[in-house]
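Heads up, the thing below is written out as structure tokens.
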Amino acid sequence: MSANSLPESAAVWHSLEVDKALDLLDSNPDSGLTPQEIQQRLQKYGPNELKEIAGRKAWEILLDQFKNIMLLMLIGVALISGLIDLWGWRTGTLKPGEVPFKDTIAILAIVILNGILGYVQESRAEKALAALKKLTSPLVRVIRDARLVEIAAKDLVPGDVMLLEAGMQIAADGRLIEQSNLQVRESALTGEAHSANKQATLKLPEETDLGDRLNIVFQGTEVLQGRGKVLVTNTGMTTELGKIAAMLQAVENEPTPLQRRMTQLGNVLVTGSLILVAIVVVGGVIKDGGFKNIQELLEVSLSMAVAVVPEGLPAVITVTLALGTQRMVRQNALIRKLPAVETLGSVTTICSDKTGTLTQNKMVVQSVSTNNKTFRVTGEGYAPTGDFQLNGQKISLEESPEILALSVACAVCNDSVLQKEQGEWAILGDPTEGALLTLAAKAGIEKDQWNSKLPRVREFPFSSERKRMSVIFQVQQVATGEASSRGVDPAIASLLQSEPYLMFIKGSPELILARSTQIHLGNDTASLTEEQRQKILADNDQMASKGLRVLGFAYKPLAQIPPEGSDETSEQGLVWLGLVGMLDAPRPEVRAAVQECRNAGIRPVMITGDHQLTARAIATDLGIAQEGDRVLTGQELQRMTDQELEQNVDLVNIYARVSPEHKLRIVQALQRRGRFVAMTGDGVNDAPALKQADIGIAMGITGTDVSKEASDMVLLDDNFATIVSATKEGRVVYTNIRRFIKYILGSNIGEVLTIAAAPLIGLGGVPLTPLQILWMNLVTDGLPALALAVEPPEPDVMERPPFSPRESIFARGLGSYMIRIGIIFAIITIALMWWAYQHTHAPEYQGDRDAWKTMVFTTLCIAQMGHAIAIRSNNRLTIEMNPFSNIFVLAAVVVTTILQLMLVYVPPLREFFGTHYLNMQELGVCIGFSALMFVWIEAEKIFLRIMGKKAV
2 MSANSLPESA AVWHSLEVDK ALDLLDSNPD SGLTPQEIQQ RLQKYGPNEL
52 KEIAGRKAWE ILLDQFKNIM LLMLIGVALI SGLIDLWGWR TGTLKPGEVP
102 FKDTIAILAI VILNGILGYV QESRAEKALA ALKKLTSPLV RVIRDARLVE
152 IAAKDLVPGD VMLLEAGMQI AADGRLIEQS NLQVRESALT GEAHSANKQA
202 TLKLPEETDL GDRLNIVFQG TEVLQGRGKV LVTNTGMTTE LGKIAAMLQA
252 VENEPTPLQR RMTQLGNVLV TGSLILVAIV VVGGVIKDGG FKNIQELLEV
302 SLSMAVAVVP EGLPAVITVT LALGTQRMVR QNALIRKLPA VETLGSVTTI
352 CSDKTGTLTQ NKMVVQSVST NNKTFRVTGE GYAPTGDFQL NGQKISLEES
402 PEILALSVAC AVCNDSVLQK EQGEWAILGD PTEGALLTLA AKAGIEKDQW
452 NSKLPRVREF PFSSERKRMS VIFQVQQVAT GEASSRGVDP AIASLLQSEP
502 YLMFIKGSPE LILARSTQIH LGNDTASLTE EQRQKILADN DQMASKGLRV
552 LGFAYKPLAQ IPPEGSDETS EQGLVWLGLV GMLDAPRPEV RAAVQECRNA
602 GIRPVMITGD HQLTARAIAT DLGIAQEGDR VLTGQELQRM TDQELEQNVD
652 LVNIYARVSP EHKLRIVQAL QRRGRFVAMT GDGVNDAPAL KQADIGIAMG
702 ITGTDVSKEA SDMVLLDDNF ATIVSATKEG RVVYTNIRRF IKYILGSNIG
752 EVLTIAAAPL IGLGGVPLTP LQILWMNLVT DGLPALALAV EPPEPDVMER
802 PPFSPRESIF ARGLGSYMIR IGIIFAIITI ALMWWAYQHT HAPEYQGDRD
852 AWKTMVFTTL CIAQMGHAIA IRSNNRLTIE MNPFSNIFVL AAVVVTTILQ
902 LMLVYVPPLR EFFGTHYLNM QELGVCIGFS ALMFVWIEAE KIFLRIMGKK
952 AV
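When the letters of the sequence shown are read in order and numbered with my numbering, they come out as residues 2 to 953.
Take a look at the structure:
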């Protein structure tokens, strides 16, 4: 068969018999492929590698920063200002001592600085694909040309016969040919906490979920125990890992709410500025009857254009977000992408993976059924502390000796180790067996002590076909504590007569119960009645319906060690011990976090690859869903169109047995419904959805490198409750950003109107130069704005629904506030400007005739200080607030005022900035007019309080 006639990767390999799969790929399980076949297939399928789609280059990202409409306008202003200075320099019309091009240089410096800030935020290279590549094994053992060889994983091709053994990382997807007790950890791919027991002989339906394909192994997963022979079916980008890589690279980065609002703000400001410039120029030309003062009108226009652009805003927002990042780190939330700080405040839906996020990623025994009684077991994680409870009451183990016998079985019929590492209890081995060791330790049965009491002499290991494990022990005589006598340990004394050997069995409850003829009751054994069998099966069903993973236990006294291979005959006539039900238990702090989410108008949703019963049990326990709520499975979701899913997505809080593609579709459907989605996860399978979500949140402890690199935020403590704290911080950051935008733009509007008014009311010259406006926008506005960014949160910040992420930056009265305050600014400053112009042009005036411009400049700057103090609260008067609750505002006001006065009274600064000396009377007039701004804002608060309204 030629390479061209081989099947495409879309073949449903789990639904095929082994022989059929071998035929389709023209391979031999004993001899593998020939060198010629390998070469043909490498040409057809390519190397077994994850391919990277080229993204934007660094220079393209940098260039994109200068496509911002406000920066484009500033570049235009800088060029025109430079041309005017060049004309003045060439014609000799520059004023004495005037430095040419200083405005151009200052403006271009601001443009470059803002461009660099944007580039640094955006240019962080995505490393999720590099992390995915680390999951692939570098070397792999295969059968080729009838020989066993070790090759580089990238050289694997479909049809290769790959050999697996414990500890290996699987290098490609494949159909099992044969296996022996093969267990594979697939939690990173499927989301399931326990290992998958693989079975080569199975033939599964086509629609079988990824986590249930027990005859398939997947690239990037790990062999825990056993061995296997695999027919490679998919390599490179056609593997399940490759599909995830493709989805990761297909997800487009959408602008965050803050980025959209800043774009909208820029469009509005630039459009408004150009309209105003046109009005001023046209009005000036009409007033002058021609273009004789066109240079003066152009200078006015340039000043207006600079005034309307809040040059300091990008830097203030960046610093604000960085400060928010620092506060979040202290709460164990590491922000990887700066805009995510504010974006968190807009979240309306949190889609959470189950394993390791809502749960502890540790199997914990919840229930024990023995002697017709079901006991609840308390405790968290692998810590061997907890109680056995019956009907809510703690019981004594002396009153229930069958629990001790069952605990011994859990401890010794076990290949894992429970140990304490750096103060934390951990498991070396299978999580299910770890849960059994913890259960035994809660009953006082420690495996280390029992290794000498019951040394292992033989075992019949667990396999996916047998679904059980048996271990035979030699019974040792020990000191019983009674008059120095020796005998069998009391915990197992009732299990034996005089037999020297004891066999414990664990596994599928139905299979072990079918092989049992007796039951252990208290300290005795009795024949197992049909009624008791039905009761045990009913208990098993009840545990399973709660999402528990249930194991059955039995024992059998033996007169001699059974021979090898006699498991079928030896594992008959067993004595039933009981049932043990375990669960990947919920994190104890998550319930409160879920409730806090609901109080804040945020909807939690569980999306997991685990079984629907387990998902329902956890979700109901945590308050994510109610009893009887619908669970949507991966198979149901697969049959839905995008439109049908969109109709159902607001009605379903639990999704189970879902694949990576499903998670991505769910997030996209929620986004199409207008929801703002945070997605939490820790596995490789979560990465595409993490990247698609508005906020991707990875786990810091259990999370894979792939999930972390695809995320916007990493929870350092893997604590769902940390998301709530981070969301609160996001809301505070957004509130403070709105506060300082009101502060900055209110003054900018005042500046623009003041500049525009000067030529229209017949005053000679431009009151503010571009350099002075840059000073106001960067220093006078910037420092207090940064101080306002650290205002403490309002008490009800998490008691209200999130604001719409699509709301305008001008929503909820912010736009009207800016216009209103801008007009008041302008009225106050224009009144001062008129007085100052008349004052400085009076015949008796001894100073510089242009000092009126410095009075306008100083008034605008100092008025902003009163604005900064008043705007700290929308509703409370300044005298009602603790002035030291935000000491940074007071410090910023004092420092900025001193800096402003230095521009007037320090000669080198006065010369550079083009200001003029003011006497004390003139300075006093400036301060008096400036104070009117503070008085107005405080009067507004009183008026709104009287009217019973709440300010924005």
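Beta carbons are placed, not taken as given, at the ideal position from N, Cα and C, and that holds for glycine.
- Task: Leaving out five residues on either side along the sequence, give the residues of the same chain with a beta carbon under 8 Å from the beta carbon of Val418.
- Result: Ile428, Leu429, Gly430, Leu438, Lys448
- Apart from the five residues just before and just after Phe858, which ones in its own chain have a Cβ nearer than 7 Å to its Cβ? Leu769, Gln773, Thr916
- Go to Asn737, then tell me how far its alpha helix (DSSP H) extends in each direction, as first and last residue. 721–761
- Query: Taking DSSP as the reference, what is the three-state secondary structure of Arg328?
  - Reply: helix
- Is Phe858 near the ligand NAP, with its Cβ less than 8 Å from a heavy atom? What this structure holds is no ligand at all, so the ligand NAP is not there to describe.
- Does DSSP put Ile396 in a helix, in a strand, or in coil? coil
- In whole angstroms, what separates the C-alpha of Arg487 from that of Ala555? For Arg487, the predicted structure reports a pLDDT of 45, less than 50, and the residue's modelled location is therefore unreliable. The matter cannot be settled from this model.
- Taking 9 Å as the cut-off, decide whether the C-beta atoms of Ile351 and Val551 are in contact. no
- Span separating the alpha-carbon of Phe944 from that of Glu881: 16 Å
- Message: So if DSSP puts Ala657 in a beta bridge, which residue, or which two residues, is it bridged to?
- Response: Thr634
- Query: Short check: CB of Thr879 to CB of Phe930, under 9 Å?
  - Reply: no
- Alpha carbon to alpha carbon, how far is Leu503 from Ile473? 6 Å
- Query: When you compare only the Cα positions, how much space is there between Glu43 and Val158?
  - Reply: According to the sequence shown, residue 43 is Leu rather than Glu. Approximately 6 Å between the Cα atoms of the pair.
- If we ignore side chains and look at the alpha-carbon of each, how far apart do Arg604 and Cys598 end up? 7 Å
- Length of the line joining the Cα atoms of Leu933 and Gly290: 38 Å
- Can you give me the Cβ contacts of Ala484 inside the same chain, cut-off strictly under 7 Å, excluding the 5 residues immediately before and after it? Since pLDDT at Ala484 reaches only 41, below the 50 mark, its modelled position is unreliable, and no value is offered.
- Taking Ser196 as the reference, which of Leu215, Glu208, Asp210 has the closest Cα? Leu215
- Message: Please state whether the Cβ-Cβ distance between Arg457 and Val413 is less than 9 Å.
- Response: yes
- Task: Could you check if Gly357 is buried or exposed, using at least 16 other CB atoms within 10 Å of its CB as the buried criterion?
- Result: buried
- By how many angstroms is the C-alpha of Pro101 removed from the C-alpha of Gly77? 17 Å
- With DSSP run on the structure shown, which of helix, strand or coil describes Arg807? coil
- Straight-line Cα distance separating Gly684 from Val162: 28 Å
- Task: Give the secondary structure of Lys507 by DSSP, where H, G and I count as helix, E and B as strand, and everything else as coil.
- Result: strand
- Message: Using only the alpha-carbon positions, how far apart do Asn686 and Leu242 sit?
- Response: 8 Å
- Query: If you drop the 5 nearest sequence neighbours on each side, which residues of the same chain put their C-beta closer than 8 Å to that of Gln332?
  - Reply: Thr723, Ser726, Ala727, Glu730
- Which residue comes first and which comes last in the alpha helix (DSSP H) that contains Gln627? Per DSSP, Gln627 belongs to no alpha helix (DSSP H) and is neither H nor E.
- Distance between Thr191 and Glu18 (C-alpha atoms, nearest Å): 23 Å
- Query: By Cβ distance, which residues of its chain are closer than 7 Å to Thr105, with the 5 residues on each side in sequence left out?
  - Reply: Ala79, Ser82, Gly83, Asp86
- Message: Are the CB atoms of Ala593 and Val301 within a distance shorter than 9 Å?
- Response: no
- Quick one: residues in its chain with C-beta nearer than 6 Å to the C-beta of Val715, no 5 flanking neighbours on either side, listed in chain order? Leu335, Ala699, Gly701, Lys709
- Item | Simplified DSSP assignment, three categories, for Tyr556 | strand
- Cβ separation of Leu549 and Met583, assumed to be a contact under 8 Å, to the nearest whole Å: 6 Å
- Report the option in Phe826, Ala843, Arg176, Pro510 whose CA atom is closest to the CA atom of Leu954. Absent from the structure is residue 954, since the part of the chain shown begins at 2 and ends at 953.
- Task: Report buried or exposed for Gly267, applying the criterion of at least 16 other Cβ atoms within 10 angstroms of its Cβ.
- Result: buried
- Starting from Asp571 and walking both ways along the alpha helix (DSSP H), at which residues does that stretch end? According to the sequence shown, residue 571 is Ser rather than Asp. Per DSSP, Ser571 belongs to the alpha helix (DSSP H) from 568–571.
- Item | Boundaries of the beta strand (DSSP E) in which Leu165 is found, first to last residue | 162–166
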